[in-house]
Amino acid sequence: MPYEVKGMDCRNAFELLSADLDGELTRSETEALHLHLGGCAHCARRRSLLEITRQAYRSIGAEPVSTGFADAVMRRVRRRAGVRWWLPAAAAIAALVAVALLREPGTPPRIAAKRPVPSDSSSAHRPGLTEGRMGTAADCGLPGAAVCVLDTPCGNGECSPVLPRPRGI
Amino acid sequence: MDDSDEALFRAYAGGDEAAFVRLLERYRNRVAHLVRCRLGPRSLWVEDVAQDVFVQVHRGARRFEGRSSFKTWLYAIALRVCRDHRRRQRTAADRSAIEFEEGPGLAALPDLSLDPLQSLVRGERSALVRAAVERLGPAHRTVLQLRDGEDMSYEEIARLLAVPVGTVRSRLHNARAALARELARCLTR
Chain A
106 MPYEVKGMDC RNAFELLSAD LDGELTRSET EALHLHLGGC AHCARRRSLL
156 EITRQAYRSI GAEPVSTGFA DAVMRRVRRR AGVRWWLPAA AAIAALVAVA
206 LLREPGTPPR IAAKRPVPSD SSSAHRPGLT EGRMGTAADC GLPGAAVCVL
256 DTPCGNGECS PVLPRPRGI
Chain X
48 MDDSDEALFR AYAGGDEAAF VRLLERYRNR VAHLVRCRLG PRSLWVEDVA
98 QDVFVQVHRG ARRFEGRSSF KTWLYAIALR VCRDHRRRQR TAADRSAIEF
148 EEGPGLAALP DLSLDPLQSL VRGERSALVR AAVERLGPAH RTVLQLRDGE
198 DMSYEEIARL LAVPVGTVRS RLHNARAALA RELARCLTR
């Protein structure tokens with residue numbers, strides 16, 4: 106039988122029961138609900154059902170984890186801490202080794218990437234140049250030239266030295 | 048010495064590893080229980096994910112600003128780690144469970160009385176309640192654990208789950224009603 110007192114019917118009361126058990130209702134909500142419960146056996150029974158359920162849940166504790174749990178966590182934490190320490194050091198060492206390998210003995214560091222060699226190497230140079238002559242930046246006109254046919258580097262950073270071709274060939 | 052969570056965590060942030068071990072021992076079962084609530088009681092990943100939580104706590108120690116309690120911060124990390132794990136492992140069954148739980152309206156209560164529950168001996172009662180809890184979805188298990196297992200306020204739970212307080216109120220009510228139904232079902236078997 107639906108029961109309503111001061112605007113609080115069974116439906117409204119039902120919605121507040123759980124929060125009432127937790128003491129999470131406002132004062133006015135609590136007063137209205139308890140007024141309703143005083144006259145409604147159906148809702149009072151529902152409240153006790155929720156209370157038993159709440160107590161039942163509270164009676165079960167957390168199941169224990171396995172015995173090695175804490176050790177496993179500490180192993181992982183220490184492993185991470187170890188990695189954090191040596192990772193930057195290893196990166197720095199690797200960078201130094203890479204620089205040392207790139208650098209030939211007796212020459213200044215040359216890290217710039219090689220540019221593609223034009224398919225027709227003769228077109229990389231201005232006409233009129235002769236082998237055996239000292240090259241200049243102006244001589245090696247094509248920016249893409251990687252290898253100069255002159256016997257010394259032209260000096261603009263674009264060319265690599267090659268040996269002069271033997272005469273008569 | 049101050050034995051509070053916050054004092055231990057401050058000591059740990061200052062380099063005292065023993066303080067971290069004490070927090071770990073204090074919370075390991077509870078964190079694993081919360082993880083079990085999220086992943087499901089039969090998940091094989093519960094302990095692995097719970098370990099991940101403490102590794103994350105260790106990694107994020109410097110980010111703890113003390114604006115919330117240590118427990119709230121720890122559980123926020125636990126929920127985030129579980130969410131990431133579930134995102135990777137998500138199954139169709141999980142999705143349907145979530146949709147069901149978030150449905151509108153408050154869940155009805157069973158007609159059957161739960162009085163017989165009180166007469167069971169402690170071990171039997173625990174087993175029966177655990178079996179009933181296992182049948183709930185992750186959202187219901189989580190809100191029950193945070194409120195009835197951890198005694199957190201609605202406000203704290205709302206912050207932790209990033210939902211309004213009203214949602215906590217109705218979700219908790221639905222969870223208890225659903226648990227009452229499952230308990231009644233278990234008792235009549």
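Protein sequence lines, in the order shown, are assigned to chains A and X.
Throughout the first sequence, residue numbering follows the working numbering, covering 106 to 274 in sequence.
Throughout the second sequence, residue numbering follows the working numbering, covering 48 to 236 in sequence.
Beta carbons are placed, not taken as given, at the ideal position from N, Cα and C, and that holds for glycine.
None of these values were measured; they are calculated from a predicted model.
Measuring alpha carbon to alpha carbon, tell me which of X:Ala97, X:Arg223, X:Phe56, X:Tyr59 ends up nearest Ala79 of chain X. Closest option to Ala79 of chain X, Cα to Cα, is X:Ala97.
Tell me which residue opens and which closes the alpha helix (DSSP H) that Ile165 of chain A is part of. Premise fails: Ile165 of chain A is in no alpha helix (DSSP H) and is neither H nor E.
Could you give the first and the last residue of the continuous alpha helix (DSSP H) run that contains Arg169 of chain X? Start and end: 169–181.
Neighbour flag for Ala167 of chain A against chain X, beta carbons, 7 Å: True, the Cβ-Cβ gap to chain X drops below 7 Å.
What in chain A is Cβ-close to Ala227 of chain X, meaning under 7 Å? Going along chain A in sequence order, the residues near Ala227 of chain X (Cβ under 7 Å) are Leu154, Leu155, Thr158.
Can you give the Cα-Cα distance for Cys145 of chain A and Leu154 of chain A, rounded to whole angstroms? Spanning the two alpha carbons is a distance of roughly 14 Å.
Run down chain A in chain order and give the residues with a C-beta less than 7 Å from the C-beta of Leu164 of chain X. By Cβ distance, chain A contributes Ile157, Ala161.
Can you tell me whether DSSP reads Met113 of chain A as helix, strand or coil? If DSSP states are grouped into helix, strand and coil, Met113 of chain A belongs with the strands.
Buried or exposed: which applies to Thr189 of chain X, given that a residue is buried once 16 or more other Cβ atoms fall within 10 Å of its Cβ? Thr189 of chain X is buried by the Cβ-count criterion.
What would DSSP say about Cys129 of chain X, mapped onto helix, strand or coil? Note: Cys129 of chain X maps to helix in three-state DSSP.
How far does the alpha helix (DSSP H) with Pro163 of chain X in it reach, from first residue to last? Residues 162–166.
Could you give the residue range of the alpha helix (DSSP H) that holds Phe101 of chain X? Note, Phe101 of chain X: alpha helix (DSSP H), 93–106.
Beta carbon of Phe117 of chain X nearer than 7 Å to that of Asp52 of chain X: Going by beta carbons, Phe117 of chain X and Asp52 of chain X fall inside the 7 Å limit.
Taking only beta-carbon positions, decide if Thr214 of chain X is within less than 7 Å of chain A. For Thr214 of chain X, the answer is no, since every Cβ of chain A falls outside 7 Å of its Cβ.
Along chain A, in chain order, which residues have C-beta atoms closer than 7 Å to that of Phe101 of chain X? Within chain A, the residues near Phe101 of chain X are Val178.
Where does the unbroken alpha helix (DSSP H) through Arg57 of chain X begin, and where does it stop? DSSP places Arg57 of chain X in the uninterrupted alpha helix (DSSP H) bounded by 52–60.
Could you check what DSSP says for Asp195 of chain X in three-state terms: helix, strand or coil? Correct three-state label for Asp195 of chain X: helix.
Taking Cβ-Cβ distances shorter than 8 Å, what residues in chain X pair up with Glu129 of chain A? Per Cβ cutoff of 8 Å: Ser200, Tyr201, Arg216.
Could you give the DSSP three-state label for Ser171 of chain A: helix, strand or coil? Residue state, collapsed to three classes: coil.
Going straight from the alpha carbon of Gly61 of chain X to that of His105 of chain X, what length do you get? Cα to Cα, the separation comes out at about 12 Å.
8 Å contact criterion, which Leu226 of chain X and Val180 of chain X should meet: CB distance rounded: Contact check for Leu226 of chain X and Val180 of chain X: beta-carbon distance about 7 Å, within the 8 Å limit, so the pair qualifies.
For Glu136 of chain A, does the three-state DSSP call read helix, strand or coil? It is helical.
Whether Val170 of chain A touches Glu94 of chain X by CB criterion (7 Å): In this structure, Val170 of chain A places its C-beta atom within 7 Å of the C-beta atom of Glu94 of chain X.
Under 8 Å Cβ-Cβ, which residues of chain X neighbour Val182 of chain A? Near Val182 of chain A (Cβ distances below 8 Å), the residues of chain X are Phe67, Phe101, Val102, His105.
So the candidates are X:Gln165, X:Leu219, X:Asp49, X:Leu191; which of them puts its Cα closest to the Cα of Ser123 of chain A? The shortest Cα separation from Ser123 of chain A among X:Gln165, X:Leu219, X:Asp49, X:Leu191 belongs to X:Leu219.
Strictly under 7 Å for the Cβ-Cβ distance: is Ser173 of chain X near chain A by that measure? By the rule that beta-carbons nearer than 7 Å mark a contact, Ser173 of chain X touches chain A.
Straight-line CA distance for Glu120 of chain A to Asp131 of chain X? Each residue's alpha carbon lies about 33 Å from the other.
Once DSSP output is grouped into helix, strand and coil, what is the label at Val210 of chain X? For Val210 of chain X, the three-state secondary structure derived from DSSP is coil.
Out of X:Arg57, X:Gln103, X:Val82, X:Cys233, which has the shortest C-alpha to C-alpha gap to Asp162 of chain X? If we check each option's Cα against that of Asp162 of chain X, X:Cys233 comes out closest.
Opening and closing residue of the alpha helix (DSSP H) in which Phe67 of chain X lies: The continuous alpha helix (DSSP H) containing Phe67 of chain X extends over residues 64–86.
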